[in-house]
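Last residue of the sequence shown: 223 (UniProt numbering), numbering continuous.
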Amino acid sequence: MAQATPEVLWAQRSSDSVAEKNYVYLTIATPDVPASSLELKLTPIGLTFTGHSDTKKITYHVELEFYEEIDVENSKTIHTARDVELILRKKALAAEYWPRLLKSKQKMHFLKTDFDKWVDEDDQEGNSAPDDSMGMGADDGGFGGIDFSKFGAGGMGGMGGMGGMGGMDGMDMSGLGGDEDDDDDEPPELLDEAKADAPEEAQTEGAPAAEAADSSAKIEEVS
């Protein structure tokens, strides 16, 4: 059976006062690896993972040595059909992020940032701690259950710009009203200008009557 190093995604949070907000997210991509075919050994300084996929004919194996120690007893894991996901409690409280996941500075091709869960160090305020979002899975394959669907950088934050439709505060709504009283609202001078600009035919509608009156006056003068 072929052996491969699984892709590992990671993100983190930090706190110098609240242990529940001081942790690392870790996701080991292991598709089609049943719980009965994997081994996960977690220690304060690292982990070792091995899992077999009969459908893909692959054995996944990875060993990680963490940048600093973690609190194993307060760390949690969940196994799914796609991966093994972990919340690892950092042992030391610190406001600063770990500069990297691993103790070694060597770049690992299989290790990547989990942008779905990553939050910048300065933007942590307001993001819930893992214990606030946890739920028990129906079938966790012997691992502690966590509902990771609720994790991420702000949840529905992508709609944060809507602000409860607050973006409409600055809109001019005057043009949305009815037009029943438009004529009453028109300034008088505009009505006079409209008459002045009317076609010549409309302005001379009274001309025939005026001409008749002039003719009658001329007949009286002659007689």
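Glycine residues also receive a C-beta, built at the ideal position from the N, C-alpha and C atoms.
Asked                                                                                                                                                      : Found
What whole-angstrom Cβ distance do residue 70 and residue 100 have, given they're in contact under 8 angstroms?                                            : Going by Cβ atoms, the distance from residue 70 to residue 100 rounds to 14 angstroms, so no, they are not a contact pair.
Check each candidate in 16, 106, 28 and name the one with the smallest Cα separation from residue 124.                                                     : 16
How do the stretch 52-72 and the stretch 80-87 stand: do at least 3 beta-carbon pairs fall below 8 angstroms, yes or no?                                   : no
Less than 8 angstroms between C-beta atoms, sequence neighbours within five positions excluded: which residues of the same chain meet that for residue 82? : 29, 30, 31
Quick one: is residue 194 buried, meaning 16 or more other Cβ sit within 10 Å of its Cβ, or exposed?                                                       : Note that residue 194 scores 44 on pLDDT, short of 50, meaning its location in the model is unreliable and no value can be drawn from it.
Of the residues 12, 116, 92, 37, which one's Cα is nearest the Cα of residue 57?                                                                           : 37
In three-state DSSP terms, what is residue 114?                                                                                                            : coil
Our contact map puts residue 72 next to residue 44 with C-beta atoms below 8 angstroms; I'd like the distance itself, whole angstroms only.                : 6 angstroms
What residue from 41, 47, 23 has the CA that sits closest to residue 13's CA?                                                                              : 23
For a minimum of 3 consecutive residues, which ranges assigned as the beta strand (DSSP E) are wholly contained in the stretch 82-110?                     : 83-90
Alpha carbon to alpha carbon, what distance is there between residue 18 and residue 108?                                                                   : 31 angstroms
Taking a contact to mean a Cβ-Cβ separation below 9 angstroms, would you say residue 33 touches residue 112 in this structure?                             : no
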